Amino acid sequence: VLEGNTVFWPSSLEKENSEGRASNQASVAEIISELELKLSSLEMFLQLWKEVIVEEGQ
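According to our numbering, the sequence shown is numbered sequentially starting from 71.
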C-alpha cells in the first residue's frame, strides 16, 4: 500500500499468506529453541573447561 492507495487481495491469497506466516513463525520458534539448547550446552562446556583450566593452573 503506497500513499493511501488500497490494494485488494483475493481471499485465497490472503489465506495462503497467513498460513505461510504461521508456518514461518513455527520454524522460527523451532530454530530459537534449538539455538537455546546449543547455547546452554556450550555454556556448560565452557564452565567445565574453565574449571579444568583453573585446576591445571593451581
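Even glycine gets a Cβ: it sits at the ideal position worked out from N, Cα and C. This one's a predicted model, so the numbers in the text were calculated from it and none came from an experiment.
Residue 99 versus residue 111: straight-line alpha-carbon distance, rounded: What you label residue 99 is simply residue 29 of the sequence shown in a count that begins at 1. What you label residue 111 is simply residue 41 of the sequence shown in a count that begins at 1. Residue 99 and residue 111 have their C-alpha atoms spaced approximately 18 angstroms apart.
In the structure shown, what three-state DSSP assignment does residue 117 receive? As a working note, residue 117 is residue 47 in the sequence shown. Of the three classes helix, strand and coil, the one that applies to residue 117 here is helix, per DSSP.
Ordered along the chain, which non-local residues of its own chain (more than five positions away) have a Cβ less than 6 angstroms from that of residue 122? Along the sequence shown, read from residue 1 onward, the residue named residue 122 stands at position 52. Answer for residue 122: no residue qualifies.
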